[in-house]
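Protein chains: 4
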Amino acid sequence: MSGNGIGILFRLTTFGESHGPALGGVVEGCPAGLPLVESDLQRDLDRRRPGTSRFTTGRREPDQVRILSGVFQGVTTGTPIGLMIENTDQRSRDYSEIQDLFRPGHADYVYWRKYGIRDYRGGGRASARETALRVAGGAIARKLLAAVGVEIRGALIAMGPERIDRNQWDWEEVGRNPFFSPDAAAVSRFELLIDTVRAAGDSVGATVEVVASGVGVGWGEPVFDRLDADLAKALMSINAVKGVEIGDGMEMARGRGSMLADEMLPAPDGEVTFVSNHAGGILGGLSTGQEIVARLALKPTSSIRIPKRTVDVHGNPRQVITEGRHDPCVGIRAVPVAEAMMALTLADHWLRHRSRQGWKP
Amino acid sequence: MSGNGIGILFRLTTFGESHGPALGGVVEGCPAGLPLVESDLQRDLDRRRPGTSRFTTGRREPDQVRILSGVFQGVTTGTPIGLMIENTDQRSRDYSEIQDLFRPGHADYVYWRKYGIRDYRGGGRASARETALRVAGGAIARKLLAAVGVEIRGALIAMGPERIDRNQWDWEEVGRNPFFSPDAAAVSRFELLIDTVRAAGDSVGATVEVVASGVGVGWGEPVFDRLDADLAKALMSINAVKGVEIGDGMEMARGRGSMLADEMLPAPDGEVTFVSNHAGGILGGLSTGQEIVARLALKPTSSIRIPKRTVDVHGNPRQVITEGRHDPCVGIRAVPVAEAMMALTLADHWLRHRSRQGWKP
Amino acid sequence: MSGNGIGILFRLTTFGESHGPALGGVVEGCPAGLPLVESDLQRDLDRRRPGTSRFTTGRREPDQVRILSGVFQGVTTGTPIGLMIENTDQRSRDYSEIQDLFRPGHADYVYWRKYGIRDYRGGGRASARETALRVAGGAIARKLLAAVGVEIRGALIAMGPERIDRNQWDWEEVGRNPFFSPDAAAVSRFELLIDTVRAAGDSVGATVEVVASGVGVGWGEPVFDRLDADLAKALMSINAVKGVEIGDGMEMARGRGSMLADEMLPAPDGEVTFVSNHAGGILGGLSTGQEIVARLALKPTSSIRIPKRTVDVHGNPRQVITEGRHDPCVGIRAVPVAEAMMALTLADHWLRHRSRQGWKP
Amino acid sequence: MSGNGIGILFRLTTFGESHGPALGGVVEGCPAGLPLVESDLQRDLDRRRPGTSRFTTGRREPDQVRILSGVFQGVTTGTPIGLMIENTDQRSRDYSEIQDLFRPGHADYVYWRKYGIRDYRGGGRASARETALRVAGGAIARKLLAAVGVEIRGALIAMGPERIDRNQWDWEEVGRNPFFSPDAAAVSRFELLIDTVRAAGDSVGATVEVVASGVGVGWGEPVFDRLDADLAKALMSINAVKGVEIGDGMEMARGRGSMLADEMLPAPDGEVTFVSNHAGGILGGLSTGQEIVARLALKPTSSIRIPKRTVDVHGNPRQVITEGRHDPCVGIRAVPVAEAMMALTLADHWLRHRSRQGWKP
């Protein structure tokens with residue numbers, strides 16, 4: 562409850578900063594009996610890992626995760642799962658240039674003001690590197706959810722002004738290109754854009770969509786821990802995210818009720834079929850049984866080679882450019898992170914829902 | 562932690578449904594010594610109250626709040642503040658028509674599936690009536706924040722396709738028209754739209770903006786309880802909200818880093834001046850000292866008089882229209898609710914930040 | 562999490578002080594479908610109520626509880642249950658005598674130091690009156706537990722130097738005497754003691770035992786939310802409690818492992834039979850399926866008519882005696898309160914345990 | 562909130578079992594700026610470490626703790642502090658003997674029933690080895706508290722029937738003998754007792770007292786998170802603890818109010834002096850400014866070489882003796898653990914109290 566953990570029954574707590582000895586995390590609440598090996602986590606970590614294509618940062622972090630507890634003979638024991646990733650690429654850079662400079666759009670100024678400490682090496686705790694542990698923890702949540710029939714997938718749907726064509730959406734395509742684009746035709750446009758942006762020493766924003774299918778009806782805990790509210794928190798807590806939408810999202814403000822109500826029909830199995838899914842699978846904060854659809858907007862990173870006005874720790878006016886290995890579009894690697902945050906949120910709500918479900922006095 | 566409370570140190574817990582004997586709430590964590598009387602809460606409740614103009618529902622709920630504890634001789638004592646609003650307008654309606662019908666876009670289907678109970682009277686716990694207590698609790702948070710120099714204001718900035726002109730923004734205007742519009746010129750357009758929508762038996766969505774000024778630097782608890790993450794949760798937990806943005810929000814995904822970094826200059830008082838506020842006053846999840854700007858999109862209510870396909874509790878296909886007294890645009894009355902949720906979030910984070918601030922070993 | 566609530570999934574939050582308009586509470590997490598009427602709560606409240614015998618305080622508080630929400634047509638709906646007890650006996654006493662005096666052994670000095678407020682009317686929030694809401698909330702937990710086969714009973718086992726004879730323990734007897742004594746023969750000794758104590762203007766301590774039967778195996782969440790740890794917190798949070806024991810308790814420190822290990826035998830039903838229950842039904846923080854046995858020691862109240870040295874708010878040395886209607890032994894009325902706290906703890910742990918139970922990947 | 566963490570603002574989460582690769586923990590909420598090095602933690606770990614005298618288990622666990630994050634240039638940064646202790650002494654024992662046997666008085670039966678998993682190697686998560694992380698985390702809390710003038714000390718005051726003489730209490734003596742005895746004269750009696758017990762293949766219980774001095778007035782959050790309630794939970798969560806007392810504890814049930822009220826006198830500095838401390842420094846759940854005194858009773862461990870009846874996983878009746886390296890009195894090593902739990906509780910309550918303190922509207 563001090564800010565480094567998320568979830569009530571299925572809970573991830575993380576620690577570690579970009580340039581310390583290691584990052585780590587604790588996953589609590591995973592039921593016993595789930596088969597789990599390190600490669601289950603590594604798969605997702607590798608998708609998030611920098612240095613896998615020329616479109617992301619050139620840093621090479623193997624991000625090798627170790628499971629330190631909570632698994633015995635290949636199966637979870639119900640006790641907390643300790644995770645650790647050693648920081649191996651703490652390149653002994655020369656930080657003297659930026660040691661006393663605040664970078665506009667970065668967290669270093671506000672961290673300095675909050676904590677009175679200036680950790681000038683990389684982003685410290687505010688570094689995107691912290692999200693590696695979210696991906697590792699999320700992979701456990703994802704495996705648990707898979708066992709109850711829930712699948713979570715994410716895709717990049719826009720980068721700067723370029724958008725995918727939703728009619729060309731192909732989930733299979735997402736794994737085939739370095740952008741997580743579900744539209745094969747958009748890939749060359751994304752390539753061109755990112756090459757242009759990089760050449761200019763600039764950066765660009767992106768929009769990510771995450772979808773969960775197979776979620777049962779009624780997950781979510783009114784009135785504050787609604788499923789959409791907890792999803793919004795989880796997704797907004799990702800670095801650089803500035804907006805979160807469920808279903809038709811911000812667009813619903815423009816519409817009429819007569820066009821946006823998701824009508825219901827009887828289904829052959831006695832269940833209900835919804836004619837549409839403008840609500841993104843959540844009504845009154847509870848899952849409807851439809852696909853849960855969320856979108857998040859990521860701002861362009863402020864780590865650019867174009868000079869910007871700033872101040873130093875002494876209050877002097879300065880200019881700064883950020884040299885080094887940086888993603889021109891942090892939104893790309895945010896796809897597995899967003900999936901992880903959705904998985905963590907759903908695993909927690911599955912357990913919370915389950916605690917009272919199927920009981921009759 | 563069962564979903565009916567929000568906040569860690571400053572916490573609101575609510576109870577009550579639209580047609581029960583009363584709604585109520587508990588505000589925990591308000592420091593002792595704050596002057597507080599019921600009229601402090603009533604002011605905001607009256608702004609949210611239905612029946613105040615022809616543009617909202619015709620129901621007349623006086624929403625008279627009682628303070629049951631936590632205040633002695635006009636001042637808070639540091640103990641929990643109990644709040645209650647009796648339900649006086651439980652009109653003994655005939656519900657036989659809709660008693661076994663699910664209304665598309667409403668929470669009744671999912672509540673029935675989750676709880677196995679069909680409370681057919683109004684919206685039950687999912688009713689917007691529950692937000693009255695948020696406004697009451699938020700008024701306490703607001704008064705506390707005012708004492709530390711923080712002011713929170715909200716406005717309606719769009720209704721359906723109609724938007725205000727940001728260049729005409731006048732906070733004074735917000736209190737003068739029934740739409741909470743900050744742009745006097747937009748009022749007649751909002752009037753025309755809502756009259757049209759109501760005549761058609763339809764409803765329309767809206768966008769609300771809330772702004773906090775006077776927040777210090779460094780509020781927020783990384784990495785999950787970031788200020789923006791907790792704001793996103795608080796705002797998304799409001800009925801009908803489908804999207805939340807901070808600062809430039811979803812638009813930031815389209816832009817370049819060179820245009821969106823908020824540059825810093827030295828300020829005369831030794832502090833820092835930001836040249837712009839694309840980030841909406843939050844970096845790395847911490848407040849920057851600038852205005853905190855959030856926006857929320859509300860879907861049009863599904864309570865419309867246009868027939869929609871649905872099912873009944875027996876699984877039969879049916880048609881439904883929602884007669885009765887309903888807001889054609891629930892977004893209007895959401896303005897004080899959004900202010901309340903921002904106030905609650907900031908009061909909690911002020912205390913959390915304060916717990917470690919100003920201490921030297 | 563601000564201190565006025567207890568429980569994670571089944572949670573009680575209370576508000577109210579002894580001399581305010583009302584006390585109230587919110588019970589979250591009760592599953593839907595449980596039959597519940599106000600008289601279910603009133604039964605336990607009446608057992609705790611003062612003025613029922615000459616052995617407790619002469620104050621007459623009807624303690625009439627109202628259910629304000631969460632129940633529809635006599636059955637819980639799964640939404641929070643709001644509770645309220647109006648304070649009707651706020652006798653307009655003259656407090657001028659003690660208005661600026663701190664009473665030794667009372668909370669008024671520390672409340673004044675913590676909150677900077679002096680609520681001189683009765684005990685304020687620290688009054689035993691607050692426990693009425695615990696009993697009301699506990700009655701809901703108790704009814705829920707009864708539906709899963711758990712019964713909770715309490716008894717007074719000692720008052721000052723007088724103790725019951727455990728060999729004469731008869732649960733039926735508890736309801737027949739005003740001391741909740743399970744030993745009929747002890748009643749006259751308790752009567753004599755309390756008459757003596759009252760005549761002397763003094764007070765006396767007591768020991769209470771609470772027992773839960775029918776609890777399944779494995780309730781409790783290691784390593785910090787062990788069932789015994791949460792019970793210890795719940796019981797120690799009752800006014801005047803200074804010690805909590807599980808099973809043989811403090812006595813186990815004197816013994817040898819060879820005498821205190823609870824041996825196991827196969828049971829006819831394939832389960833296990835324990836030969837003894839020194840551990841009080843909890844091992845490693847988890848329930849064993851045996852009876853859960855806890856004891857609590859209550860100090861004698863400091864509200865006595867024997868003069869004691871103290872200070873006033875101005876720091877002057879003074880003498881104080883506490884006139885008025887006070888229990889000479891607060892431990893008597895603590896019996897239903899202790900039962901309530903055990904019920905709240907077990908209901909919470911039942912849900913927490915249940916959230917992961919019976920699931921196979 | 563899944564049971565592996567304790568504290569709201571200052572929070573320790575632990576993971577790891579006795580025979581996994583490592584144990585670890587996360588300390589959240591430590592303010593920035595506190596000087597901290599690994600040897601600060603090691604000092605307390607070494608006091609808890611087995612194998613340091615012939616009176617504790619012969620296992621040799623170096624218990625070398627690593628700080629993985631949250632410290633930069635020898636000072637805390639305000640971000641979470643990751644801790645790890647590798648398990649080096651996982652002696653490849655032959656467990657075939659006890660692999661399917663439940664040991665009476667151990668947690669293995671209830672863990673098996675709760676989780677459906679049988680981790681037969683040592684105690685798994687229920688092993689006392691888990692307390693190493695409590696000591697490490699508690700050392701950070703202790704250092705923080707020391708910076709605000711709070712000192713925490715513990716002592717063994719009884720072992721089986723042998724007790725110290727409180728008139729001979731000397732805190733200096735505690736560090737000089739392997740029993741943490743504050744009474745030099747009791748040491749030879751403790752030695753004799755433990756040699757006798759070990760020779761008999763038996764075990765013996767113990768009583769530990771922990772005392773905090775320098776705590777300010779008013780720490781604690783009524784009515785459920787009272788300081789004594791949270792202390793009771795923290796101490797009862799230690800392995801083998803069966804009873805917790807504050808101040809005069811269980812004895813207060815025997816006494817009269819006239820003898821047990823702690824009278825107050827004016828102090829020269831304008832503060833208050835208490836004439837006695839029967840209440841153990843806590844009234845109404847808040848600290849009084851006096852010494853906080855708590856006692857805990859530890860049962861004798863069930864790991865004994867005297868045969869006991871039990872069952873195996875197949876439900877057959879069996880006999881078991883526990884060979885191997887076990888403490889005949891686990892209470893000895895519980896002293897630093899109890900200190901750690903008190904330090905963690907007080908650090909949390911210091912921050913919680915501080916969040917609202919010293920503020921005037």
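Protein chains in written order, with the numbering used here: chain E, 562 to 922; chain G, 562 to 922; chain X, 562 to 922; chain H, 562 to 922.
For each residue, glycine too, the CB sits at the ideal point set by N, CA and C.
Note that the structure is predicted; figures quoted are calculated from it, not measured.
Residue i classed as buried or exposed, judged by whether at least 16 other C-beta atoms fall within 10 angstroms
i, result
"alanine 746/H", "exposed"
"glycine 684/H", "buried"
"histidine 839/X", "buried"
"glutamine 634/G", "exposed"
"glutamate 932/H", "No information on residue 932/H is available, as it lies outside the stretch 562 to 922 that chain H covers here."
"glutamate 929/H", "No information on residue 929/H is available, as it lies outside the stretch 562 to 922 that chain H covers here."
"serine 657/G", "exposed"
"alanine 895/G", "buried"
"glutamine 880/G", "exposed"
"histidine 667/E", "buried"
"valine 854/X", "buried"
Host beta strand (DSSP E) of residue i (start-end)
i, result
"alanine 767/E", "767 to 774"
"threonine 871/E", "869 to 872"
"leucine 584/G", "583 to 589"
"arginine 627/E", "626 to 628"
Terminal residues of the alpha helix (DSSP H) in which residue i lies
i, result
"phenylalanine 751/G", "748 to 760"
"glutamate 578/G", "Note, glutamate 578/G: premise wrong, no alpha helix (DSSP H); not H, not E."
"arginine 604/E", "599 to 609"
Interface partners of residue i on chain E, CB under 8 Å
i, result
"methionine 562/X", "Met562"
"lysine 976/X", "Within the shown structure, residues of chain X are numbered from 562 to 922, placing residue 976/X beyond reach of any answer."
Heavy atom of the ligand ZN within 7 Å of residue i beta-carbon
i, result
"alanine 840/H", "Although the ligand ZN was asked about, the structure shown includes no ligands whatsoever."
Contacts that residue i makes with chain H (C-beta to C-beta distance below 9 Å)
i, result
"phenylalanine 663/X", "Met825 and Val833"
"leucine 570/E", "Met562 and Ser563"
Within chain X, partners of residue i - CB distance below 7 Å
i, result
"phenylalanine 785/H", "Gly564, Asn565, Gly566, Ile567 and Ser798"
Beta-carbon neighbours of residue i, restricted to chain H and to distances below 7 Å
i, result
"tyrosine 676/E", "Ala593, Thr638 and Gly639"
Neighbour list for residue i in chain E, Cβ cutoff strictly below 9 Å
i, result
"serine 630/H", "Phe576, Gly577, Glu578, Gly581, Pro582, Ala583, Leu584, Gly585 and Arg686"
Residues that residue i contacts on chain G, provided the C-beta gap is smaller than 9 Å
i, result
"isoleucine 642/X", "Phe576"
Partners in chain G for residue i, counting only beta-carbon separations shorter than 7 Å
i, result
"aspartate 680/X", "Phe633 and Thr638"
Closer than 7 Å at the beta carbon, the chain E residues around residue i
i, result
"alanine 668/G", "Leu844, Gly845 and Leu847"
Under 8 Å by beta carbon: chain G residues contacting residue i
i, result
"alanine 765/E", "The amino acid at residue 765/E is misidentified as alanine; the sequence shows valine. What valine 765/E touches in chain G: Gly816, Arg817 and Gly818."
Please specify which runs of the beta strand (DSSP E), each continuous and at least 3 residues long, are wholly inside the segment 779 to 859 of chain H, giving them in chain order.
802 to 807, 825 to 827, 833 to 835 and 853 to 859
As an exercise, report each continuous alpha helix (DSSP H) stretch of at least 4 residues that is fully enclosed by the segment 690 to 744 of chain X, in chain order.
692 to 708 and 732 to 735
Within the segment 636 to 686 of chain H, ranges of the alpha helix (DSSP H) (whole runs, at least 4 residues):
If only complete runs of 4 or more residues are kept, the segment 636 to 686 of chain H shows the alpha helix (DSSP H) at 669 to 676, in order along the chain.
Of all the beta strand (DSSP E) runs that stay within the bounds of the segment 877 to 916 of chain H, which reach a length of 3 or more residues?
878 to 881
Three Cβ pairs or more, each shorter than 8 Å: is that satisfied between the segment 773 to 793 of chain G and the segment 769 to 784 of chain E?
no
Is the segment 887 to 895 of chain X in contact with the segment 668 to 681 of chain X, if contact means three or more CB pairs nearer than 8 Å?
no
Three CB pairs or more closer than 8 Å across the segment 870 to 881 of chain E and the segment 819 to 829 of chain G:
yes
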